[in-house]
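Visitor: What follows is a structure written as structure tokens; I'll ask about it next.
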Amino acid sequence: MMLQYFERLASRLDAKIAKNPDIPNARRKFAREIAQLGTRLYSGQHRIAWCGVIAPFDMLAAMNITSCFVEFVGAMLASTGAVGTFLEESEHAGYAADTCGYHRSVLGAAMKGLMPLPDVMIATSSPCTGGLAAMENLARMFNKELFVLDVPASDTPESVRYLANQYMDMFRFISSRTGETIDEDKLREAIVKSNQARELMVEVYRLAQNVPSPASGQSLANFGIVMALFLGTDAGIEIAQAYRDEFESMVKTGQSGAPAEKIRLLWLQNRIQFKNPLIKMLEQEYQASIVIDELNDITWEAIDPADPFVGVAKRTITIPFNGEINWRLNHVRHLSTAYKIDGAVNPCHWGCRQGTGARGLIQAGLKEIGIPVVNLEVDCVDTRNFAEGQLRTRLEAFMEMLRTSPSAA
Amino acid sequence: MYYLGVDLGSLSCDAVLLGGNGGVMASSVVPTGARNQEAIARAVDEVLKVAGITEDQIKATVSTGYGRDRVEKRLAAVTEITCHARGIRNLFGETQVLIDIGGQDSKAVRLAADGLVTDFAMNDKCAAGTGRFLEAMARALQVDIEELSDLDLGASGSVTLSSMCTVFAESEVVSLIADGVAVNEIVSGLNRAIASRIVALVRRIAPASDGLSIAMSGGVAHNHGVVRALSQAFGTTISVPPKPATIGALGAALIAREKDNQGR
Amino acid sequence: MMSQETTRWIGHACSYTPTPLIHASGFTPYRLLPMGNSPDRAGQLLHDNLCPHVKRILDRAMENDLPDLHGMVFMNCCDAMRRLSDAWRAARPTDRVALVNLPVLAAESAISFFADELTRLSETLSTWSGQSFNQADISASIAKFDEIADLLGELSNRAHTGTLEGGSSRLQDLFNRAATESVDRAVELLRTVAEEMELPAAAHNGVPVYLFGNVLPDPEAFALFQSCGVHIAGDSVCTGMRAFSRIGGNDSDDVFVRLARGLLDQPRCARTFDPSRPGKIAQDVLAEARACQAKGVIAYTMKFCDPYISRLPAIREVLREAGLPFLLLEGDCTMRSMGQQKTRIEAFTEMLR
């Protein structure tokens with residue numbers, strides 16, 4: 002079922018791109034690569050690795066393994082609207098509905114045979130405890146050994162070395178379980194490509210800072226977090242390039258991503274993964290545009306292809322949502338200033354402890370620099386739990402507040 | 046010239062009619078029931094009747110509440126947050142924090158010196174700290190919701206309920222009743238549990254609420270015990286309007302007049 | 002009453018805290034238990050739907066229901082605890098706070114890294130205390146804490162066999178006191194209790210049950226179990242023996258490696274697991290239940306605790322296959338949510354008899 006879904010999605014996007022080959026087609030190319038990733042995961046013809054969110058996907062790409070974080074499946078199921086059955090399945094098996102829907106939906110999908118059996122499983126201890134526990138459960142269900150990347154929450158030379166060494170252990174683990182050998186040249190090549198994509202992404206974000214922003218509510222949705230999956234590949238470079246070209250031409254002509262940009266918003270944490278009218282409502286009724294997501298514009302220094310482990314370890318450890326809350330606060334404060342933000346939307350995803358658990362601190366931290374925050378109590382995956390009226394009210398009240406505030410656009 | 050505010054909530058539909066000079070001519074509260082349009086019509090008819098005017102004399106209408114988009118003849122739909130803030134400021138000009146406890150949700154709103162909303166926090170996911178909680182408790186205690194209001198009098202405060210989750214609190218109440226604990230102590234515990242949730246909500250928008258002027262709106266403001274508990278929790282008197290359930294509609298009517306004057 | 006002027010307290014909130022290290026540095030470790038009556042304010046800084054253990058501790062911090070702490074040592078054991086350390090810094094900006102990385106597995110490389118972390122902590126503690134200490138001091142402290150562990154282990158066994166005066170409820174009170182009083186007082190107290198006459202083994206008539214879960218510090222909860230006809234024949238809870246597992250090892254080992262291994266190797270919390278044996282905790286629960294000849298298993302977990310929520314289905318499954326009845330109690334780690342559990346516990350014991 003999933004294979005068909007992805008194949009159809011990929012061919013539809015191919016057709017659309019072919020119709021207008023001379024325009025960047027950035028979002029379409031991004032979506033197409035997601036579809037193709039999905040196809041590879043479900044085809045049964047590729048080696049696959051189920052991973053935690055911050056696994057080193059560019060390094061894994063060098064080993065001829067299609068790797069993906071498990072929450073991806075949760076997001077995909079939510080976007081198809083079909084997630085309810087899987088959530089229910091996990092709840093019937095005794096997983097409390099108090100936990101994150103991304104993980105529950107994936108566990109439910111595994112119970113219903115909808116998660117392809119992986120060749121290897123690489124868990125990460127960050128960003129969250131729940132994610133790691135979900136990987137342990139999947140490993141138990143698949144009767145597979147788990148490899149865990151233990152990611153420290155501090156940026157010290159010892160922490161970086163500890164993680165860098167674990168990457169080497171990881172490669173040995175994969176090698177011994179799959180028979181694939183580590184090709185140093187391929188690894189170097191993957192890092193070079195990763196660096197190239199990174200450079201282009203930095204430009205994309207710089208262009209998005211423009212007033213008006215070429216970004217719209219839809220164009221960069223899930224961008225940062227999903228692009229991590231495409232780093233190290235040609236597709237990653239192609240997509241980043243398309244976005245760069247698209248944004249560049251829009252900035253040149255002063256074209257705004259959203260219909261008319263009056264209010265610039267920062268979207269915190271995660272996107273709501275299923276179809277919902279909120280972003281359109283913001284754009285059309287309030288001319289409020291999401292110009293940047295917290296999870297986008299997370300960049301890092303170029304990694305030395307000759308010594309990738311330390312660079313990748315450093316990149317992983319310094320991700321803002323790993324570590325103390327100040328890392329996240331510094332990041333979102335920087336984004337607020339750089340992108341000239343009027344307000345921030347904080348979708349407090351149900352069951353999220355690391356992110357949503359910091360609701361008060363994030364709000365206070367942004368308030369300090371004059372950025373108001375609206376909290377949405379929402380489940381980003383569970384379509385059954387979507388209280389549109391309540392969320393609309395909160396967003397509308399926030400818009401009313403921003404419109405009348407002296408600093409609002 | 047008359048201005049109308051309509052607040053279509055999930056439990057009640059309220060209407061407030063203002064005269065040209067801004068004075069309240071009439072107000073109404075009718076149960077929403079299953080048919081929104083009928084409830085709106087009834088609420089509006091009532092205020093028209095009391096004021097002795099006809100519908101075409103209404104210059105502008107602003108709607109609010111969960112069903113604000115269903116009020117057809119409106120100039121604008123404005124959220125309850127903005128409307129409640131406007132309404133309460135009209136009655137208590139110093140209000141800096143507004144607590145609104147309705148049937149389904151509770152809100153805390155921070156008002157600036159000029160009366161504009163600068164922050165708000167809502168609890169609409171959890172029954173704890175809302176009218177629904179009180180209704181469930183009234184059922185458990187086998188009293189009418191109105192009776193709850195002063196049932197706490199004379200209590201020493203010996204009962205503390207779990208303020209984390211109403212599921213816990215409800216079964217606690219049942220156990221306490223079975224154990225023969227005095228009703229006034231249980232009700233006092235309930236009121237303090239609600240107050241505790243509300244304090245938490247207020248602190249999200251006003252971390253230091255000492256010295257701030259606090260007012261209350263919403264149906265639960267009729268419950269003296271809850272107001273007492275809030276007053277104690279905040280260490281200050283809470284301003285309560287005579288018709289707390291109509292504050293949203295009042296605010297909406299005031300905004301209708303404002304928007305009309307601005308020519309919008 | 003201990004003399005507060007001479008005792009310098011360092012607060013902590015996790016069973017993985019290297020208490021001997023704190024002691025060796027000249028401080029007395031004080032476990033912040035989620036007890037007391039501080040108003041519910043944690044949601045203001047964090048969120049309402051978060052671990053009750055963390056919330057109650059934060060409530061105490063915000064209410065200043067604390068002894069005069071010289072500093073706080075937080076272990077980065079889970080998301081909620083990490084957020085607690087952040088909230089603590091925001092609520093009490095002048096406090097000394099340390100956050101220590103804690104590996105999720107007990108592999109050699111992890112133990113080595115954790116040993117480095119503990120070395121770093123010892124340097125921080127040295128700065129806080131203004132005095133230096135050495136490996137021998139730490140070894141001496143380990144010996145003291147291992148003695149406490151042994152004494153509590155002995156008393157725990159007695160409670161399990163029903164020969165401890167006061168039973169599980171008194172035992173929990175002893176755990177709490179050992180966690181919040183000076184080391185010397187704790188040793189003195191436990192030695193005294195250990196010298197008491199044991200009750201005859203057949204003194205209790207409760208149904209033998211194995212209890213596992215996370216945070217449950219209130220002795221009244223154990224009194225409740227007893228009043229419902231439960232006899233706790235074996236247990237594994239965070240605020241019980243798991244907080245006092247022996248460090249062990251030898252004085253000849255590098256003391257930081259010894260501490261790291263001693264802390265990580267014991268099953269102090271479900272957040273640490275063996276990746277090569279996913280789901281092993283279920284087998285462990287079954288084995289321990291069988292070892293104490295329990296007729297049933299009661300799990301007590303707090304709402305919103307992800308490490309436990311996620312392991313429950315497997316545990317449930319394994320116990321069902323083994324034919325052992327299982328009761329899950331979910332709460333907020335205080336007595337406020339326990340009263341209502343009375344009926345279910347009583348029904349469970351009736352079923353088991």
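Heads up: the sequence lines are chains X, R and U, in that order.
Going by this note's numbering, the first sequence opens with residue 2, and the numbers climb by one from there.
Going by this note's numbering, the second sequence opens with residue 46, and the numbers climb by one from there.
Going by this note's numbering, the third sequence opens with residue 2, and the numbers climb by one from there.
Glycine included, every Cβ here is placed at the ideal spot set by N, Cα and C.
#1: Whose C-alpha, out of R:L136, R:A88, R:G97, is nearest the C-alpha of R:A288?
#2: For R:N81, which residues of its own chain have a beta-carbon under 6 Å away from its beta-carbon, when the five flanking residues on both sides are left out?
#3: Would U:F134 and U:A99 qualify as a contact pair, given that the criterion is a beta-carbon distance under 8 Å?
#4: Between the C-alpha atoms of U:N206 and R:M261, what's the straight-line distance to the nearest angstrom?
#5: Does any residue of chain X bring its CB to less than 8 Å from the CB of R:L299?
#6: Quick check on DSSP: helix, strand or coil for R:I283?
#7: So R:D59 contacts chain X; which residues on that side make the cut at Cβ distance below 9 Å?
#8: Beta-carbon separation of X:A98 and X:E92 under 8 Å?
#9: Report buried or exposed for X:I192, applying the criterion of at least 16 other Cβ atoms within 10 angstroms of its Cβ.
#10: Pairs of beta-carbons, one from the stretch 310-327 of chain X and one from the stretch 48-64 of chain X, closer than 8 Å: are there three or more?
#11: Taking only runs of the beta strand (DSSP E) that begin and end inside the stretch 216-270 of chain U, which ones reach a length of at least 3 residues, in chain order?
#12: If you count every other CB in all the chains shown that lies within 10 Å of the CB of R:I250, and 16 or more means buried, which is it?
#13: Counting C-beta neighbours from all protein chains within 10 Å, is the total for R:G264 16 or more, i.e. buried, or is it exposed?
#14: Do the stretch 188-202 of chain R and the stretch 326-342 of chain U meet, that is, are 3 or more Cβ pairs less than 8 Å apart?
#15: Give the residues from the stretch 159-173 of chain R that approach chain X closer than 8 Å (Cβ to any Cβ), ordered along the chain.
#16: Which stretch, first to last residue, makes up the alpha helix (DSSP H) that contains U:S113?
#17: By DSSP, does X:S68 sit in helix, in strand, or in coil?
#18: With distances taken from CA atoms, which of X:T179, X:T81, X:K145 is nearest X:H47?
#19: Are three or more beta carbon pairs between the stretch 293-302 of chain R and the stretch 55-63 of chain R nearer than 8 Å?
#20: State the Cα-Cα distance for the pair U:L51 and X:V382, rounded to the nearest angstrom.
#21: CA-CA distance, X:E204 and X:A198?
#22: Hey, could you find the ends of the alpha helix (DSSP H) X:V205 is sitting in?
#23: To be precise: take each residue of the stretch 215-228 of chain R, compare its Cβ to all Cβ atoms of chain U, and keep it if any distance is under 7 Å. Which residues remain?
#24: My understanding is that R:L196 touches R:I243, with C-beta atoms under 8 Å, so please give their C-beta distance in whole angstroms.
#25: Within the continuous beta strand (DSSP E) that includes X:D294, where are the two ends?
#26: Can a CB atom of chain U be found closer than 8 Å to the CB of X:V149?
#27: Starting from U:N38, find everything on chain R with Cβ-Cβ shorter than 9 Å and list it in chain order.
#28: Closest to X:G114 by C-alpha separation, out of X:Y287, X:P215, X:Q37, X:L139, would be which residue?
#29: Would you mind stating whether U:F115 and U:L103 have Cβ atoms separated by less than 8 Å?
#30: Could you give the residue range of the beta strand (DSSP E) that holds X:H350?
#31: From which residue to which residue does the beta strand (DSSP E) around X:G358 run?
#32: Given this structure, state the Cα-to-Cα distance separating X:Y6 from X:A110, to the nearest angstrom.
#33: Going along the chain, which unbroken runs of the alpha helix (DSSP H) with 4 or more residues stay wholly within the stretch 167-197 of chain R?
#34: What would DSSP say about U:E189, mapped onto helix, strand or coil?
#35: In the DSSP output, which residue or residues are listed as bridge partners for X:E34?
#36: Name the residue from R:V89, R:T109, R:G110 whose alpha carbon lies nearest to the alpha carbon of R:D101.
Guide: Checking against the coordinates, here is how it stands:
#1: The sequence given here has Lys at residue 288 of chain R, not Ala. The candidate whose alpha carbon is nearest that of R:K288 is R:L136.
#2: G112, R115
#3: no
#4: 55 Å
#5: no
#6: strand
#7: None at all; the shortest Cβ gap to chain X is about 17 Å.
#8: Yes; because the gap between Cβ atoms is below 8 Å, this pair is in contact.
#9: buried
#10: Judged by Cβ distances under 8 Å, the stretch 310-327 of chain X makes contact with the stretch 48-64 of chain X, as three or more pairs qualify.
#11: Taking only runs of at least 3 residues, the beta strand (DSSP E) segments lying wholly in the stretch 216-270 of chain U are 231-237.
#12: buried
#13: buried
#14: Below 8 Å, too few C-beta pairs join the stretch 188-202 of chain R and the stretch 326-342 of chain U to call them touching: fewer than three.
#15: Against chain X - using a Cβ distance shorter than 8 Å - the residues of the stretch 159-173 of chain R are L161, V162, T163, D164, F165, A166, M167, D169, K170.
#16: Element bounds for U:S113: 109-130.
#17: strand
#18: X:T179
#19: yes
#20: So the two alpha carbons sit approximately 19 Å from each other.
#21: 10 Å
#22: From DSSP, the alpha helix (DSSP H) with X:V205 extends over 185-209.
#23: S216, E217, S220
#24: Not really, about 19 Å apart at Cβ, beyond 8 Å.
#25: It spans 289-294 - the beta strand (DSSP E) in which X:D294 sits, taken as one unbroken run.
#26: yes
#27: T205
#28: X:L139
#29: yes
#30: 344-350
#31: Bounds of any beta strand (DSSP E) do not take in X:G358, whose DSSP letter is neither H nor E.
#32: 15 Å
#33: Fully enclosed alpha helix (DSSP H) runs of 4 or longer: 176-186.
#34: helix
#35: None; X:E34 has no bridge partner.
#36: R:V89
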